[in-house]
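Undergrad: With my numbering as the guide, the letters of the sequence shown map in order to residues 186 to 512.
Idealized CB from N, CA, C, for every residue including glycine.
Take a look at the following structure, please.
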Amino acid sequence: MTVSATPSPHLDHANRALAILPGKGGITGRLSDSFWRNPKLLLILLLTPPVIWLGIIYLGSLFALLAQSFFSIDEFSGLVKYELTLKTYGELFRPANLDIIIRTASMAACVTLAAAIVAFPIGYFAARYARGKWKALFYIGVMLPLWSSYLVKVYAWKLILAKEGILTWIFAKLHLTWLLDAWLAIPVIGGYSLSVSYTGTFLVFLYVWLPFMVLPVQAALERVPASYIEASGDLGAKPSQTFRHILFPLALPGIVAGSIFTFSLTLGDYIIPQIIGSSRLFIGQAVYAQQGTAGNIPLAAAFTVVPIVIMGIYLWGAKRMGAFDAL
Numbered sequence: 186m187t188v189s190a191t192p193s194p195h196l197d198h199a200n201r202a203l204a205i206l207p208g209k210g211g212i213t214g215r216l217s218d219s220f221w222r223n224p225k226l227l228l229i230l231l232l233t234p235p236v237i238w239l240g241i242i243y244l245g246s247l248f249a250l251l252a253q254s255f256f257s258i259d260e261f262s263g264l265v266k267y268e269l270t271l272k273t274y275g276e277l278f279r280p281a282n283l284d285i286i287i288r289t290a291s292m293a294a295c296v297t298l299a300a301a302i303v304a305f306p307i308g309y310f311a312a313r314y315a316r317g318k319w320k321a322l323f324y325i326g327v328m329l330p331l332w333s334s335y336l337v338k339v340y341a342w343k344l345i346l347a348k349e350g351i352l353t354w355i356f357a358k359l360h361l362t363w364l365l366d367a368w369l370a371i372p373v374i375g376g377y378s379l380s381v382s383y384t385g386t387f388l389v390f391l392y393v394w395l396p397f398m399v400l401p402v403q404a405a406l407e408r409v410p411a412s413y414i415e416a417s418g419d420l421g422a423k424p425s426q427t428f429r430h431i432l433f434p435l436a437l438p439g440i441v442a443g444s445i446f447t448f449s450l451t452l453g454d455y456i457i458p459q460i461i462g463s464s465r466l467f468i469g470q471a472v473y474a475q476q477g478t479a480g481n482i483p484l485a486a487a488f489t490v491v492p493i494v495i496m497g498i499y500l501w502g503a504k505r506m507g508a509f510d511a512l
């Protein structure tokens, strides 16, 4: 007896009818059916609020500020002249303003370099040796400073670095006060105390932004196969050669990814240089001074363009080095 494998047309029609469930009742049911039939409509509704927020409130206000940089201040009345000009950008190249830009970029570069040097051994230990509860303690130790108030940390460092602070007391107990005084006597990086010097500003920047370097470096080193390091040792490479030819190139995207945070955050920070450091301004302080005290909004807007341009070039280079894959 032969059984036909072809389904009956009546059964096929019945199965198709059962596959489509009847529409749901009520407003919620009808909306659910409409979204199911038109998934693009659901996508538009989900994306509209964040796009409005980003496009109007954030980017709109940013472009409105940047538009001010193409205006200028009337030297006689002190009022803004709403005529398109590049005069304000020319003022950025005055010695005083150019010094602010160079000082800020130099500090950001130094903080980024120091953060990479400090973060690499920490990230390497966590990636290669920390297991179980020790890795959990590592993440807690790295993230714990981020859980406390930003201002509390800065003011705590103000007390630590003060002339009567604990750091000066430690140097005195170790009979190294002469070394601290010699360091503070250096013209550019020194000062009356660490709390009013570029050295103190550098130390606080390094402490506050270090977690943003440690985590990407640790993530990049996690992806380095242990067999690469073992093979390098088996082939007779010294530890320095293994670091130079194996570890560092493979961890470089993570370092560059971390540097995006440390460099950009240092570049635009206002609070740390205001509380800890000398009277010489950074870009964030210059923006505040120009739009607040001086009332020169066009110059303040021009100053805000500088970090945007620097970070645009920096991100372009970071993308070419594969840094975004390590974020």
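#1: Just to confirm the assignment: which complete alpha helix (DSSP H) runs, minimum length 4, are found wholly within the stretch 258 to 288?
#2: Look up R408 in the DSSP assignment and say whether it is helix, strand or coil.
#3: Any idea what DSSP makes of R222, helix, strand or coil?
#4: From K343 to S219, what distance separates their C-alpha atoms?
#5: Check whether the stretch 431 to 447 and the stretch 476 to 491 touch, using three or more Cβ-Cβ pairs below 8 Å as the test.
#6: Within 8 Å, do at least three Cβ pairs link the stretch 329 to 344 to the stretch 458 to 478?
#7: What residue range is occupied by the uninterrupted alpha helix (DSSP H) comprising I351?
#8: Express the C-alpha separation of V399 and K423 in angstroms, rounding to a whole number.
#9: May I ask you to report which of helix, strand or coil DSSP gives Y527?
#10: Are at least three pairs of beta-carbons, each pair with one atom in the stretch 305 to 319 and one in the stretch 387 to 406, less than 8 Å apart?
#11: Straight-line CA distance for L277 to A471?
#12: Does DSSP put I431 in a helix, a strand or coil?
#13: Threshold first: 4 residues or longer. Then list the alpha helix (DSSP H) segments lying entirely within the stretch 461 to 489, N to C.
#14: State yes or no: is the C-beta of G443 within less than 8 Å of the C-beta of A301?
#15: Report the rounded CA-to-CA distance for L251 versus I498, giving the unit in angstroms.
#16: Would you report the Cα separation of K266 and I258, rounded to the nearest angstrom?
#17: Would you kindly work out how many angstroms separate the C-alpha atoms of L352 and P280, rounded to a whole number?
#18: Go ahead and pull the three-state DSSP assignment for P372.
#19: Examine the ligand FAD and report whether any of its heavy atoms sits within less than 7 Å of the Cβ of Y314.
#20: Pop quiz: I431 and L500 are said to be a contact at Cβ under 8 Å. What is the actual Cβ separation, rounded to whole angstroms?
#21: Out of K225, A405, L388, Y274, point me to the one whose CA is closest to T297's CA.
#22: Can you give me the start and stop residues for the alpha helix (DSSP H) that V327 sits inside?
#23: Please return the same chain residues whose Cβ sits closer than 6 Å to the Cβ of I493, not counting the five positions on each side in sequence.
#24: The alpha helix (DSSP H) that contains Y377, what's its start and end?
#25: Could you tell me the alpha carbon to alpha carbon distance between F448 and Y243, rounded to whole angstroms?
#26: Is the Cβ-Cβ distance between L365 and F356 less than 8 Å?
#27: Which same chain residues end up closer than 7 Å to L239 when comparing Cβ atoms and leaving out the 5 residues on each side of it in sequence?
#28: Can you tell me the Cα-Cα spacing of A204 and P234, whole angstroms?
#29: Is the separation between the beta-carbon of G317 and that of G480 shorter than 8 Å?
#30: Between the beta-carbon of V393 and the beta-carbon of I457, is there less than 8 Å?
#31: Assuming T273 and S246 make a contact with CB atoms under 8 Å, what is their CB distance in whole Å?
#32: Please determine, among A290, S380, Y455, the residue with the shortest C-alpha to C-alpha distance to E349.
#33: With a threshold of 16 other CB atoms inside 10 Å of the CB of I212, please say whether the residue is buried or exposed.
TA: Straight from the coordinates:
#1: Entirely contained in the stretch 258 to 288, the alpha helix (DSSP H) runs reaching 4 residues are, in chain order, 272 to 276.
#2: Here residue 408 corresponds to residue number 223 of the sequence shown, with the count starting at 1. Residue state, collapsed to three classes: coil.
#3: On the sequence shown, residue 222 is found 37 positions in, with the first residue counted as 1. Helix.
#4: Mapped onto the sequence shown, residue 343 falls at position 158. Mapped onto the sequence shown, residue 219 falls at position 34. Straight-line Cα distance between these residues: approximately 60 Å.
#5: Contact between the stretch 431 to 447 and the stretch 476 to 491 is absent, because fewer than three Cβ pairs lie under 8 Å.
#6: The way I'd put it, the stretch 458 to 478 does touch the stretch 329 to 344; three or more beta-carbon pairs between them come closer than 8 Å.
#7: Here the question's residue 351 lines up with position 166 in the sequence shown. Segment 351 to 358, the alpha helix (DSSP H) holding I351.
#8: Numbered from 1 along the sequence shown, position 238 holds the residue referred to as residue 423. Numbered from 1 along the sequence shown, position 214 holds the residue referred to as residue 399. Across the structure, K423 and V399 are spaced so that their CA atoms are roughly 25 Å apart.
#9: Nothing can be reported for residue 527: it is not among the residues displayed for the chain, which extend from 186 to 512.
#10: Counting Cβ pairs under 8 Å, three or more are found: they touch.
#11: The residue labelled residue 277 in the question sits at position 92 within the sequence shown. The residue labelled residue 471 in the question sits at position 286 within the sequence shown. So the alpha carbons of these two residues sit roughly 11 Å apart.
#12: Locating residue 431 in the sequence shown gives position 246, where the first residue counts as 1. Note: I431 maps to helix in three-state DSSP.
#13: If we require 4 residues or more, the alpha helix (DSSP H) runs fully inside the stretch 461 to 489 come out as 468 to 473.
#14: Walking along the sequence shown from the start, residue 443 turns up at place 258. Walking along the sequence shown from the start, residue 301 turns up at place 116. Judged by their CB atoms, G443 and A301 are nearer to each other than the 8 Å cut-off.
#15: Here the question's residue 251 lines up with position 66 in the sequence shown. Here the question's residue 498 lines up with position 313 in the sequence shown. Approximately 18 Å between the Cα atoms of the pair.
#16: Numbered from 1 along the sequence shown, position 81 holds the residue referred to as residue 266. Numbered from 1 along the sequence shown, position 73 holds the residue referred to as residue 258. Taking the straight line joining both Cα atoms gives about 6 Å.
#17: To locate residue 352, count along the sequence shown from 1; it is residue 167. To locate residue 280, count along the sequence shown from 1; it is residue 95. Those two C-alpha atoms are separated by around 36 Å.
#18: If you number the sequence shown from 1, residue 372 lands on position 187. P372 falls in the coil class under three-state DSSP.
#19: In terms of ligand content, the structure shown is empty, and the ligand FAD therefore cannot be addressed.
#20: On the sequence shown, residue 431 is found 246 positions in, with the first residue counted as 1. On the sequence shown, residue 500 is found 315 positions in, with the first residue counted as 1. About 27 Å separates the two Cβ atoms, so there is no contact after all.
#21: Here residue 297 refers to the residue found at position 112 when the sequence shown is read from its first residue. Taking T297 as reference, the option from K225, A405, L388, Y274 with the minimal CA-CA separation is L388.
#22: The residue labelled residue 327 in the question sits at position 142 within the sequence shown. Residue range 318 to 332 is occupied by the alpha helix (DSSP H) that includes V327.
#23: Translated into the one-based positions of the sequence shown, residue 493 becomes position 308. Result list for I493: empty, nothing under 6 Å.
#24: Here the question's residue 377 lines up with position 192 in the sequence shown. Run containing Y377: none; DSSP gives neither H nor E here.
#25: Walking along the sequence shown from the start, residue 448 turns up at place 263. Walking along the sequence shown from the start, residue 243 turns up at place 58. Rounded to whole angstroms, the separation of the alpha carbons of Y243 and F448 is 22 Å.
#26: On the sequence shown, position 180 is the one that residue 365 refers to. On the sequence shown, position 171 is the one that residue 356 refers to. A contact, by the Cβ cut-off of 8 Å.
#27: Start at 1 with the first residue of the sequence shown, and residue 239 comes out as number 54. Contacts found: none.
#28: On the sequence shown, position 19 is the one that residue 204 refers to. On the sequence shown, position 49 is the one that residue 234 refers to. Caution is warranted here: a pLDDT of 47 is assigned to A204, below 50, making its placement in the model unreliable, and the coordinate value is therefore given only provisionally. Computed Cα separation, rounded: 35 Å.
#29: Residue numbering aside, residue 317 sits at position 132 when the sequence shown is read from its first letter. Residue numbering aside, residue 480 sits at position 295 when the sequence shown is read from its first letter. For G317 and G480, no; Cβs fall outside 8 Å.
#30: Here residue 393 refers to the residue found at position 208 of the sequence shown. Here residue 457 refers to the residue found at position 272 of the sequence shown. One thing to note: V393 has its Cβ within 8 Å of the Cβ of I457.
#31: One-based indexing of the sequence shown puts residue 273 at position 88. One-based indexing of the sequence shown puts residue 246 at position 61. Rounded to whole angstroms, the Cβ separation of T273 and S246 is 19 Å, and the two are not in contact under 8 Å.
#32: Reading the sequence shown from its first residue, position 164 is the one you call residue 349. Comparing Cα positions, the closest option is S380.
#33: In the sequence shown, the residue the question calls residue 212 occupies position 27. I212 should be labelled exposed.
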